[in-house]
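This report refers to the structure that appears directly beneath it.
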Amino acid sequence: MNKPIIALADCNSFYCSCERLFRPDLANKPVIVLSNNDGCIVSRTDEAKKLGIPMGAPLFKVRDIVEKHNVSVFSSNYTLYGDLSRRVMKVLSEFAPEFEIYSIDEAFLLLTGFNPDTIEDYLKNVRKTVLKYTGIPISIGVSHTKVLAKAANKLAKNDKIKSQGVYSLLDEHKRIADLKNFPVEDIWGIGRQYAKKLHLFGIKNAYQFSIADSKFIQKNFTVVGKRIAEELCGNPCIELEVESKDKKQIISSRSFGRPVMLKSEVKESLANHISTAAEKLRSQDGLVKSLTVFIHTNQFKDVPQYFNSSTMTLLSGSAFTPRLINLGFEALDKIFKGGYEYKKTGVIFNDIIQKEKSQLDLFAQNDTPREEISMATMDGINEFHGTNTVKAAACGTTKFWKMLSEMKSRAYTTRWSDLLKVG
Amino acid sequence: MNTALKQTQNNVVYLYTSKVSCGFPSPADDYIENPLDLNEHLISKPAATFFVRAKGDSMINCGIYDGDLIIIDRSLDPQSGNVVLASINGEFTLKRFINNSEGAYLQPENSKYRPIDINENSDFQIFGVAIHSVHKLL
Numbered sequence: 000m001n002k003p004i005i006a007l008a009d010c011n012s013f014y015c016s017c018e019r020l021f022r023p024d025l026a027n028k029p030v031i032v033l034s035n036n037d038g039c040i041v042s043r044t045d046e047a048k049k050l051g052i053p054m055g056a057p058l059f060k061v062r063d064i065v066e067k068h069n070v071s072v073f074s075s076n077y078t079l080y081g082d083l084s085r086r087v088m089k090v091l092s093e094f095a096p097e098f099e100i101y102s103i104d105e106a107f108l109l110l111t112g113f114n115p116d117t118i119e120d121y122l123k124n125v126r127k128t129v130l131k132y133t134g135i136p137i138s139i140g141v142s143h144t145k146v147l148a149k150a151a152n153k154l155a156k157n158d159k160i161k162s163q164g165v166y167s168l169l170d171e172h173k174r175i176a177d178l179k180n181f182p183v184e185d186i187w188g189i190g191r192q193y194a195k196k197l198h199l200f201g202i203k204n205a206y207q208f209s210i211a212d213s214k215f216i217q218k219n220f221t222v223v224g225k226r227i228a229e230e231l232c233g234n235p236c237i238e239l240e241v242e243s244k245d246k247k248q249i250i251s252s253r254s255f256g257r258p259v260m261l262k263s264e265v266k267e268s269l270a271n272h273i274s275t276a277a278e279k280l281r282s283q284d285g286l287v288k289s290l291t292v293f294i295h296t297n298q299f300k301d302v303p304q305y306f307n308s309s310t311m312t313l314l315s316g317s318a319f320t321p322r323l324i325n326l327g328f329e330a331l332d333k334i335f336k337g338g339y340e341y342k343k344t345g346v347i348f349n350d351i352i353q354k355e356k357s358q359l360d361l362f363a364q365n366d367t368p369r370e371e372i373s374m375a376t377m378d379g380i381n382e383f384h385g386t387n388t389v390k391a392a393a394c395g396t397t398k399f400w401k402m403l404s405e406m407k408s409r410a411y412t413t414r415w416s417d418l419l420k421v422g
Numbered sequence: 000m001n002t003a004l005k006q007t008q009n010n011v012v013y014l015y016t017s018k019v020s021c022g023f024p025s026p027a028d029d030y031i032e033n034p035l036d037l038n039e040h041l042i043s044k045p046a047a048t049f050f051v052r053a054k055g056d057s058m059i060n061c062g063i064y065d066g067d068l069i070i071i072d073r074s075l076d077p078q079s080g081n082v083v084l085a086s087i088n089g090e091f092t093l094k095r096f097i098n099n100s101e102g103a104y105l106q107p108e109n110s111k112y113r114p115i116d117i118n119e120n121s122d123f124q125i126f127g128v129a130i131h132s133v134h135k136l137l
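From first to last, the protein sequence lines stand for chains A and B. Mind the numbering: the first sequence is residues 0 to 422 in numbering that gives the first Met the number 0, read in order. Mind the numbering: the second sequence is residues 0 to 137 in numbering that gives the first Met the number 0, read in order.
Pasting the structure below:
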């Protein structure tokens, strides 16, 4: 049987690349994108990396570099990134018989049976086509397993000019030679804690990890570590998840724009999170049977700390926003304590079932057809006229909790009023 | 609403929730085709297609007016004579792209404007080829 051939395509500095696409003046200039609430740096161009701006750092820590070198700073614009991601994935999917979207900017391509001698040229063409069609630069690593494909991708990115964006670890000699120079902390799935521990055992590079005694690995790094080591040797252990599965869990949460003490304000924010989650739920034809509400204070701030969560269950599934909001409020009543400066609240929909699989329960309260129609109408209006055109009254109108996004670009590709105007 | 409900105290019991057909089927049922879809007519590569709005009067001689919706296809290789969305020295512009023995330049379609030269010193890139202009008549 043919050994599998797996490629990992990963967009370069994805959020920054999206921002640059509609700002030709920013080509070859340093750009960074901030997380929700404009907190931390989540994407950097190579130019920004060269200035020593670290990933994950809060903006205020690099304020001096940003001002001195005129770095362009953007708030995250997930509407834009989501649309461009969809385009990149569409183009990629046409190049592989099987395909798994791994994250907003990464996908695995299963290319088993392709000629290994010409695969690099094939992937260079994939890369060229994605860039031409979408304007987003990507790097591709290819090998026999996911962990090796991920490592190859990193090598492709390390030297973009030499690799031309594509790197193969299919060749056995090359695999061994490259893994000897590959730091153990850079292996996919090895966290910082594991890396520290591995260093204590004298395991510093990926090759050493791959040939370490498997009993020793399993004992110290669980079965996960053992699978990673196997994958590094070229033996696939992690299946490609080809089907785009509906989410089994939906989370909606966000930090408040400022510390919040009033229960009414927490409730308003929670109602909005539940509405968002319920809309996602309906879009995948799901019903939720259990939801968890959580609140917490800012653990990095020197204020009295409190965090708690509460889970509520329904006899049968529901996707009716008002019902879920009421349930969420009941959960909040159980955990809310006055006198704390809250930083964040949110909701997790845990037990999600498919609508057609749900059973009519004589004793349970199902969503009535009337409720279903009212939700479908609301979703339809919001899709056409924009998010939150129609919403539950509990969501309020003040939006004090809304994320800060002072430096957000326009929804160039998804909103008529935001289209680029060119003369 | 095609829903029959029977109210018994506080419980709602569904008798049936879909339309029950009783009568003759429509004679057109076998001949139904999908309605015409403008997306299909205007767009061949959705993943590579972007919309922009025309501004000003520099392209009026080829029928592109202020406010028109311009459909850009990035998948096409720009040919001399195509209207393109290009960026030159950091700014987007919509012009006719000419590339011949006399050189490369961006040609406006209005005598009020001058062609824009493209040389080694210009920071020039073609974003995509304009394939349609959607103009409102009312």
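Ideal Cβ placement from N, Cα and C applies to all residues, glycine included.
Mind pulling the alpha helix (DSSP H) runs of 4 or more residues that sit fully within the segment 26–75 of chain B?
37–41
If we cut at 9 Å on Cβ distances, does G62(B) have a partner in chain A?
no
Would you say G102(B) reaches chain A, if we count a Cβ-Cβ gap shorter than 9 Å as a contact?
no
Is there a C-beta anywhere in chain A that falls below 9 Å from the one on A27(B)?
no
Assuming the contact rule is C-beta atoms closer than 8 Å, N27(A) and S408(A) should be a hit. Round their C-beta distance to whole Å, please.
N27(A) to S408(A), Cβ: 18 Å. No contact.
Counting C-beta neighbours from all protein chains within 10 Å, is the total for Y30(B) 16 or more, i.e. buried, or is it exposed?
exposed
Put G201(A) into one of helix, strand or coil per three-state DSSP.
coil
Runs of alpha helix (DSSP H) wholly within the segment 128–192 of chain A (minimum 4 residues, chain order)
145–157, 159–162 and 171–179
Give the list of continuous alpha helix (DSSP H) stretches no shorter than 4 residues that lie fully inside the segment 238–290 of chain A.
262–282
Could you give the first and the last residue of the continuous alpha helix (DSSP H) run that contains T78(A)?
Y77 to S92
Proximal residues, the segment 408–419 of chain A versus chain B, C-beta separation under 7 Å
T412, L418 and L419
Looking at the C-beta of D122(B), does it have a partner C-beta in chain A at a distance below 9 Å?
yes
Just checking: is the beta-carbon of P45(B) within a distance shorter than 9 Å of some beta-carbon in chain C?
Looking at the structure shown, chain C is missing, and the protein chains on hand are A and B.
What do you reckon, are the CB atoms on S167(A) and P235(A) nearer than 9 Å?
no
DSSP-derived helix/strand/coil call for A95(A)
coil
Can you round the beta-carbon distance between E90(B) and D24(A) to whole angstroms, since I take them to be within the 8 Å contact cut?
7 Å
Can you check whether the C-beta of F126(B) is within less than 9 Å of a C-beta belonging to chain A?
yes
Along chain A, which residues have their Cβ under 9 Å away from the Cβ of R113(B)?
Chain A residues near R113(B): none, gap ~14 Å exceeds 9 Å.
Spatial neighbours of T443(A) within its chain, please: C-beta separation below 7 Å, excluding the five flanking residues on both sides.
Summary: the structure shown does not reach residue 443(A), with chain A confined to residues 0 through 422, and so no result is reported for it.
Output yes or no for whether 9 Å exceeds the beta carbon distance between Y121(A) and Y80(A).
no
Given this structure, state the Cα-to-Cα distance separating Q192(A) from D378(A), to the nearest angstrom.
44 Å
Could you check if E119(B) is buried or exposed, using at least 16 other CB atoms within 10 Å of its CB as the buried criterion?
exposed
Taking one C-beta from the segment 4–22 of chain A and one from the segment 102–122 of chain B each time, how about it: are there three or more such pairs within less than 8 Å?
no
Work out the CA separation of P182(A) and E18(A) for me, nearest whole Å.
31 Å
Beta carbon proximity, S243(A) to chain B, threshold 9 Å
With a pLDDT of only 47 at S243(A), under the threshold of 50, the placement of this residue in the model should not be trusted; the figure read from the coordinates follows. It does not; no Cβ of chain B falls within 9 Å.
With DSSP collapsed to three states, give me the class of I347(A).
strand
Return the CA-CA distance between C39(A) and G55(A), expressed in angstroms with no decimal places.
5 Å
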